[in-house]
Amino acid sequence: MRMTVLASGSKGNSTVIASAETSLLVDAGLSCRELLKRMKTANQDPAALSAILITHEHQDHIAGLATLARRLRIPVYITEPTHRAWVRMVTPRTTMTYAKWLDHIHAEKEARAAAESESDSDRVPHVREATVGILSSTTQEQEPEAVSLAAATDPDEDETPRETKPAPSYLPAVQYFHSGSNFSIGDISITPFTIPHDAADPCGFVFASRSEAVRMAIATDLGYMPPNVKSALQRVDVLLLESNHDLEMLKDGPYPWAVKQRVLSRVGHLSNHATAEFLAHDYDGGATYIVLGHLSEQNNAPELALFAAEQAIASRMSLLGNRILLAKQSAPLPSISV
Ligand SMILES: [Zn+2]
Ligand SMILES: [Zn+2]
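Residue numbers (the numbering used here): 36 to 373.
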């Protein structure tokens, strides 16, 4: 089995998990173009991907999702609350101003009045035209996706028939999963687990290849290490784990107070210290590779994250076989095969 981290950090996350038969993309937090470019750099074939799995709806995990899923025509595995949150995010709100809305209501009223007087009037053609116009726009409103598109553009300037434009939230196929319930794609069995983070229904994943008896896990974007996460991360061979910030750098750093509070909170991100605590006290030491990820560019330094994790496992003799790697924001890591 192999893990290829294409990007990791607050500006975009994406990782390829592949067995001999199946290849999956976890998160699509860069543009479609950049994701394809990085897959090429990392020798990963986009055409081999069977599905995209999403951990949560934050931009740095989902930004390129729609374009990539449509381009590759592959299904998206996501929880229902995450999917709903994302659809809300990408669906443009109406751009109609109050004044425009009043005009619209007024025009509708006039059209109705005109339609009512149609029977006893000879001025029919003009009135009928207006009525038909209003009716057709009402028909379109029954298609919520079409309405959101109509709202995004000025209908008068929009020459393209609306049916040919997909809604921003259109995905070729969506498959819902629930945290805590296993599912399989090809020969990879997937166990999603809930993580504490400020998103609709965030999760991490454990991947197990049936044919190779190998397990890999991804756990980033979590405010702390609850018992369910600690137990999910046992018996894995490759572990991509968040080591987001150095506490001192965050406290002294440039973030506004409210943002610092958010990062530090129980639904924020794991500090180097919290990750080291887990590695020193709760981790079973089984992984051949530990990949530290989602490092903050503002509030962390790769050497600090690495040092904290190395110190943590150095105190445990059984863990000396571990190798610690640092995932990057700017470039893919070479594939890790076990
Ligand atoms: Zn993130
Ligand atoms: Zn997040």
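Every residue, glycine too, gets a C-beta built ideally from N, C-alpha and C.
Since the structure is predicted, the reported quantities are computational estimates derived from the model, not experimental observations.
Endpoints, the alpha helix (DSSP H) within which residue i is located
i           : result
residue 342 : 337-349
residue 266 : 262-267
In DSSP terms, what residue i is bridged to
i           : result
residue 67  : Residue 67 pairs with nothing; no bridge assigned.
residue 124 : Beta-bridge pairing links residue 124 to no other residue.
residue 133 : None, per the DSSP bridge assignment.
residue 249 : 244
residue 218 : 225
residue 371 : 38
residue 254 : 276
Residue i Cβ short of 6 Å to ligand 1 heavy atom set
i           : result
residue 233 : no
residue 95  : yes
residue 62  : no
residue 236 : no
residue 287 : no
Bounding residues of the beta strand (DSSP E) (the contiguous stretch that carries residue i)
i           : result
residue 42  : 37-42
residue 224 : 223-229
residue 50  : 49-53
residue 259 : Counting along the chain, residue 259 falls outside any beta strand (DSSP E), and DSSP gives it neither H nor E.
residue 59  : 58-61
residue 210 : 209-211
residue 360 : 358-361
beta-carbon residue i near ligand 2 non-hydrogen atom, thresh 6 Å
i           : result
residue 256 : yes
- [ ] List in chain order: all unbroken beta strand (DSSP E) runs of 3+ residues lying wholly within the segment 271-341.
- [x] 273-277, 324-328
- [ ] Could I get the ranges of all uninterrupted alpha helix (DSSP H) runs contained in the segment 74-125, with 4 residues as the minimum, in chain order?
- [x] 94-97, 100-107, 115-125
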